[in-house]
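Visitor: There's a structure below that I have some questions on.
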Amino acid sequence: MIITELTIYPVKALGGIRLTQSTLGVTGLPWDRHWMLVDSAGRFVTQRQLPALAAIRPSLDEHQLVLQHPQQPSLTIPLQRELSELTPVSLWQSELEAFDEGAEAADWLTRLLGEYRGAPLRLVRFNRAQSRPIKAKYLEPGETSHTEFADGFPFLIASRQSLAALNAALEANGETPVGMERFRANIVVDELDGAFSELNEYRLKGAGYTLAIRKPCQRCPVITVDQTSGTRPNPKEPLRTLLSLNPLTKPGAFFGGNAVLLTGEGEGIRVGDVLAAKAGR
């Protein structure tokens, strides 16, 4: 099994950045989901509510995050910045405090997207003085894992084998195939033990590191969003077809496996790395 893609999403719900190599951390790949958008009440906002977020493209260098959209000049956010004012935010069941990036970022988002529920959206960054631990039921005794603003796990792993099976079913139903970008994975591999096998628990061992898949990723309408245009060409697909392909005993549409890092914090990970897979925890 070979890693074919590495991607980070610095701002939750915005576009991704393809990488050829990165560094492994307990909270995921560096800068992944380090920022997110919130409404006036501090609740997180994603493509579930605003599909157009997909068309905002981020870039990163050693000094700054830049957000770009063809309709207006870019927004630049320094990576190292003196921020002291914390604001309460909520992400699923997590109640956190985050740093607000300020009026300039909020104005930029408002000019592009308009107000959300009668107020500007805010851009917030994760406060690394706090931690957001993975639920204990997904960990073995002695294991620890954290994430920043990802939905629940530091890594999402998907296989091209599963995408091929989904696209074959879509085409058989007269629907348009989709690209892997719809599923917003951090790590894409060419194959595992057959289509959708990454929905099961596995240990994936590379050179100096071990990842563990601990939970299948249940999908929502975000996968119906075209990640280039920020529109929904077909509001029902590929979600409807994925539901019909569910190999698990529990109901739902699943694609990709949520994973944690067991060993190798600080080690490099690269496109082309060979991984050895072992079923189970």
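All letters in the sequence shown, in the order written, are residues 1 to 281 by the UniProt record's numbering.
Glycine is no exception: its CB is placed at the ideal position from the N, C-alpha and C atoms.
1) Between Ala119 and Asp100, what straight-line distance do the alpha-carbon atoms span, to the nearest angstrom?
2) Put Val271 into one of helix, strand or coil per three-state DSSP.
3) What does Thr7 pair with, by DSSP beta-bridge criteria?
4) Residues bridged to Val45 by DSSP?
5) Based on DSSP bridge pairs, tell me the residues matched to Arg57.
6) Within its chain, find whatever has a CB closer than 7 angstroms to the CB of Cys220; leave out the 5 residues flanking it on each side and keep chain order.
7) Does the distance from the C-beta atom of Pro73 to that of Leu14 stay below 8 angstroms?
8) With 16 as the cutoff for other CB atoms within 10 Å, does His63 come out buried or exposed?
9) Contact between the region 104 to 116 and the region 142 to 156 is defined here as three or more beta-carbon pairs at a separation below 8 angstroms; is this criterion met?
10) Could you spell out the range, first to last residue, of the alpha helix (DSSP H) harbouring Asp100?
11) Give me whichever residues DSSP pairs with Ala253 in a beta bridge.
12) Can you round the beta-carbon distance between Val260 and Ala212 to whole angstroms, since I take them to be within the 8 angstroms contact cut?
13) How should residue 366 be labelled, buried or exposed, when 16 other C-beta atoms within 10 angstroms of its C-beta is the threshold for buried?
14) Return the Cβ separation of Phe153 and Lys215 in integer angstroms, given the expectation that the two are a contact with Cβ distance under 8 angstroms.
15) So Asn258 and Gly252 are supposed to be a Cβ contact under 8 angstroms. How far apart are they, rounded?
16) From the DSSP output, which residues share a beta bridge with Ile2?
17) Locate the beta strand (DSSP E) running through Gln218, then write down its first and last residues.
18) For the structure I just gave you, are there three or more beta carbon pairs, one from the region 34 to 44 and one from the region 223 to 232, closer than 8 angstroms?
19) Rounded to the nearest angstrom, how far is the Cβ of Ala165 from that of Ala195, given a contact under 8 angstroms?
20) Pull up the DSSP beta-bridge partners for Tyr202, would you.
21) Report the option in Leu67, Glu181, Glu171, Tyr209 whose CA atom is closest to the CA atom of Ala106.
22) Provide the residue(s) that pair with Thr23 in DSSP beta bridges, ordered along the chain.
23) Which residue marks the beginning of the alpha helix (DSSP H) containing Leu166, and which one marks its end?
24) Who does His146 pair with in a DSSP beta bridge?
25) Report the three-state DSSP secondary structure of Leu192 (helix, strand or coil).
26) For Lys12, count the other beta carbons within 10 Å of its own beta carbon; 16 or more makes it buried, fewer makes it exposed. Which is it?
27) Is the beta carbon of Ser90 sitting closer than 8 angstroms to the one on Arg132?
28) Helix, strand or coil for Arg122 per DSSP?
Guide: In short:
1) Walking along the sequence shown from the start, residue 119 turns up at place 119. Walking along the sequence shown from the start, residue 100 turns up at place 100. Using only the alpha carbons, I get a separation of about 15 angstroms.
2) Translated into positions along the sequence shown, residue 271 becomes position 271. Looking at Val271 - three-state DSSP - the assignment turns out to be coil, as it is neither helix nor strand.
3) On the sequence shown, residue 7 is found 7 positions in, with the first residue counted as 1. Answer is Arg18.
4) Sequence index remark: in the sequence shown, residue 45 carries index 45 (1-based). DSSP output for Val45 lists Leu37 as bridge partner(s).
5) To locate residue 57, count along the sequence shown from 1; it is residue 57. Paired residue(s): Gln68.
6) The count along the sequence shown starts at 1 and reaches residue 220 at position 220. The answer, listed in chain order, is Arg48.
7) The sequence position of residue 73 within the sequence shown is 73, counting from 1. The sequence position of residue 14 within the sequence shown is 14, counting from 1. Pro73 is not a Cβ neighbour of Leu14, given a cutoff of 8 angstroms.
8) By 1-based counting over the sequence shown, the position of residue 63 is 63. It is exposed - the Cβ of His63 has fewer than 16 other Cβ atoms within 10 Å.
9) no
10) The count along the sequence shown starts at 1 and reaches residue 100 at position 100. Looking at the DSSP string, Asp100 is not in any alpha helix (DSSP H); the run it does join, the beta strand (DSSP E), is 94 to 100.
11) Position 253 of the sequence shown, counted from the start, is the residue given in the question as residue 253. BP columns for Ala253 are empty, so no partner.
12) Residue mapping note: residue 260 aligns to position 260 of the sequence shown, counting from 1. Residue mapping note: residue 212 aligns to position 212 of the sequence shown, counting from 1. Val260 to Ala212, Cβ: 5 angstroms. Contact.
13) Lying outside 1 to 281, the shown extent of the chain, residue 366 is not represented and no answer is given.
14) Here residue 153 is taken as the residue at index 153 of the sequence shown, counted from 1. Here residue 215 is taken as the residue at index 215 of the sequence shown, counted from 1. That belief holds up - the Cβ atoms of Phe153 and Lys215 are roughly 7 angstroms apart, short of 8 angstroms.
15) Reading the sequence shown from its first residue, position 258 is the one you call residue 258. Reading the sequence shown from its first residue, position 252 is the one you call residue 252. Not confirmed; about 14 angstroms, so no contact.
16) Looking up residue 2 in the sequence shown gives position 2. For Ile2, which the question treats as bridged, DSSP gives the partners Val274.
17) In the sequence shown, residue 218 corresponds to position 218, counting from 1. Run containing Gln218: 209 to 218, per the beta strand (DSSP E) assignment.
18) No, they do not touch.
19) In the sequence shown, residue 165 corresponds to position 165, counting from 1. In the sequence shown, residue 195 corresponds to position 195, counting from 1. About 4 angstroms; that satisfies the 8 angstroms criterion.
20) In the sequence shown, residue 202 corresponds to position 202, counting from 1. Beta-bridge pairing links Tyr202 to Ile213, Ala279.
21) The residue given as residue 106 occupies position 106 in the sequence shown. The shortest Cα separation from Ala106 among Leu67, Glu181, Glu171, Tyr209 belongs to Leu67.
22) Counted from its first residue, the sequence shown places residue 23 at position 23. Under DSSP, the beta-bridge partners assigned to Thr23 are Gly268.
23) Counted from its first residue, the sequence shown places residue 166 at position 166. Note, Leu166: alpha helix (DSSP H), 160 to 172.
24) Numbered from its first residue, the sequence shown carries residue 146 at position 146. Answer is Pro133.
25) One-based indexing of the sequence shown puts residue 192 at position 192. In this structure, Leu192 counts as coil in the three-state DSSP scheme.
26) Within the sequence shown, numbered from 1, the residue matching residue 12 stands at position 12. When all chains shown are included, Lys12 counts as buried.
27) Counted from its first residue, the sequence shown places residue 90 at position 90. Counted from its first residue, the sequence shown places residue 132 at position 132. Result no, Cβ atoms of Ser90 and Arg132 do not sit closer than 8 angstroms.
28) Your numbering for residue 122 matches position 122 in the sequence shown. In this structure, Arg122 counts as strand in the three-state DSSP scheme.
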